[in-house]
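Colleague:
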Amino acid sequence: MNEKELKNLIKASILSFADGNLTNNSLSLFKSLGYKTDRQSPFREKNYRFFKDSFLDGNVSFKEEKALVKDWKYVDLLFQLTKDELAIAISSPLVGEGQGEGKTRVDRTIIETYIFFVIELVNENYNRTDLSKITREINKVFPMPVMILFKHGSLLTLSIINRRINEKDERKDVLKKVTLIKDINIKNPHRAHIEILFDLSLEELQRVHKITSFVKLHNAWQKTLDVKELNKKFYKELSNWYFWAIHEVEFPNASLEADRSVL
Numbered sequence: 025m026n027e028k029e030l031k032n033l034i035k036a037s038i039l040s041f042a043d044g045n046l047t048n049n050s051l052s053l054f055k056s057l058g059y060k061t062d063r064q065s066p067f068r069e070k071n072y073r074f075f076k077d078s079f080l081d082g083n084v085s086f087k088e089e090k091a092l093v094k095d096w097k098y099v100d101l102l103f104q105l106t107k108d109e110l111a112i113a114i115s116s117p118l119v120g121e122g123q124g125e126g127k128t129r130v131d132r133t134i135i136e137t138y139i140f141f142v143i144e145l146v147n148e149n150y151n152r153t154d155l156s157k158i159t160r161e162i163n164k165v166f167p168m169p170v171m172i173l174f175k176h177g178s179l180l181t182l183s184i185i186n187r188r189i190n191e192k193d194e195r196k197d198v199l200k201k202v203t204l205i206k207d208i209n210i211k212n213p214h215r216a217h218i219e220i221l222f223d224l225s226l227e228e229l230q231r232v233h234k235i236t237s238f239v240k241l242h243n244a245w246q247k248t249l250d251v252k253e254l255n256k257k258f259y260k261e262l263s264n265w266y267f268w269a270i271h272e273v274e275f276p277n278a279s280l281e282a283d284r285s286v287l
């Protein structure tokens, strides 16, 4: 599949959220990005109560108020991505395979698997702080990173959290910055959002970053979503357009002078 075809597939996957089953639509979106697995265990009941009964079990670190659980309209466990599925997806063995369950430490981090959730919220407008808090509370519960796809009204937000090993207790992780791809419009997705999702597709990440482990994948996500990197890419594209324009477009001086006088 070429770049144009993949971007069209991503756009079609986003548009599908306007109707249909939320879990199926979410799986289709991640599948378009190359994240697919049969390791699925969907909830029998798509609500917070089932989530609580399945995972919390008296967990005192999870704060319902911060997680805005009263706003959870729908929640489901989409899938778990392990080293086996990732190796197949990138057509390359991962670093650490065959080394005691494949555990590999890179940059003070051990990641062996990822979990993907979808949560629908009752309202449309949530700020970054709200969605980041929900992401943090859920990630407190699990020993591995959790990626969350939020649906709020006609918008989608993809949430990723950075984490590293606690230097004092290696059995625990330190949760760091939450990064959001926020407010993707399911009726009219912006080109910039499609571009970012394309950059996060496994095929593109493998081409640019040469993924060899889950940690490398995680770091590639973070770098792709880093504000500085996005700004750098934007200005590079703007610069390329400018140098094309000065050779291809003729700007009449008279019009420019008229504009200046109006200002």
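Mapping the sequence shown onto the numbering used here, position 81 (from 1) lands on 105, and the numbers just tick up by one. The beta-carbon is built from N, C-alpha and C at its ideal position, and this holds for glycine as well. For clarity, every value in this text was computed on a predicted model and none was experimentally measured.
(1) Look up threonine 159 in the DSSP assignment and give the residues it is bridged to.
(2) Just how far apart, CA to CA, sit tyrosine 72 and lysine 97?
(3) Between Asp81, Glu144, Phe166, Met25, which has its C-alpha nearest serine 56's C-alpha?
(4) Do you know how far the Cα of valine 232 is from the Cα of serine 50?
(5) Valine 239 by DSSP, collapsed to three states: which one?
(6) Would alanine 36 be called buried (16 or more neighbouring beta carbons within 10 Å of its own) or exposed?
(7) Whole angstroms are fine: how far does the CA of valine 93 sit from the CA of valine 165?
(8) According to DSSP, leucine 30 sits in a beta bridge with which residue or residues?
(9) Report back the beta-carbon spacing between leucine 155 and phenylalanine 140 to the nearest angstrom; my notes put them in contact at under 8 Å.
(10) Could you give the residue range of the beta strand (DSSP E) that holds glutamine 230?
(11) So, with DSSP's three-state summary, where would you put isoleucine 143?
(12) Specify the secondary structure class of valine 93 as computed by DSSP and reduced to three states.
(13) Just checking my contact of threonine 153 with isoleucine 185 at CB under 8 Å: how many whole Å lie between their CB atoms?
(14) So, under 8 Å CB-CB, lysine 60 and phenylalanine 238 are touching, yes? Tell me the CB distance rounded to an integer number of Å.
(15) Enumerate in chain order the residues of its own chain whose CB-to-CB distance from glycine 177 is below 6 Å, with the five nearest sequence positions on each side excluded.
(16) Thinking just about the alpha-carbon of each residue, which of Pro213, Leu105, Ile210 is nearest to the one in proline 242?
(17) Identify whether glutamate 214 lies in helix, strand or coil by the three-state DSSP scheme.
(18) Measuring straight from C-alpha to C-alpha, what distance separates phenylalanine 79 and glutamate 144?
(19) By DSSP's criteria, serine 183 is part of a beta bridge. Which residues make up the other side?
(20) Which runs of the beta strand (DSSP E) fall wholly inside the stretch 43-83 and span at least 3 residues, in chain order?
(21) Should lysine 31 and isoleucine 218 be called a contact, given that it needs their Cβ atoms to be closer than 7 Å?
(22) Can you give me the C-alpha to C-alpha distance between threonine 236 and lysine 247, rounded to a whole angstrom?
Modeller: A quick look at the data gives this:
(1) Note: threonine 159 sits in no beta bridge, so no partner.
(2) Taking the straight line from one Cα to the other gives about 8 Å.
(3) Met25
(4) Distance between serine 50 and valine 232, taken at the CA atoms: about 25 Å.
(5) Correct three-state label for valine 239: helix.
(6) exposed
(7) 14 Å
(8) Leucine 30 pairs with nothing; no bridge assigned.
(9) 16 Å between Cβ atoms; not a contact.
(10) First-last for glutamine 230: 226-233, but that is the alpha helix (DSSP H), not the beta strand (DSSP E).
(11) Isoleucine 143: strand per DSSP, three-state reduction.
(12) helix
(13) About 14 Å; that fails the 8 Å criterion.
(14) Going by Cβ atoms, the distance from lysine 60 to phenylalanine 238 rounds to 16 Å, so no, they are not a contact pair.
(15) Glu148
(16) According to the sequence displayed, residue 242 carries histidine and not proline. Comparing alpha-carbon positions, the option among Pro213, Leu105, Ile210 lying closest to histidine 242 turns out to be Leu105.
(17) Residue identity differs from the one stated: residue 214 is histidine in this sequence, not glutamate. DSSP places histidine 214 in coil when its eight states are reduced to three.
(18) 18 Å
(19) Ile172, Leu204
(20) none
(21) Yes, these two residues count as a Cβ contact at 7 Å.
(22) Between threonine 236 and lysine 247, the C-alpha separation is close to 16 Å.
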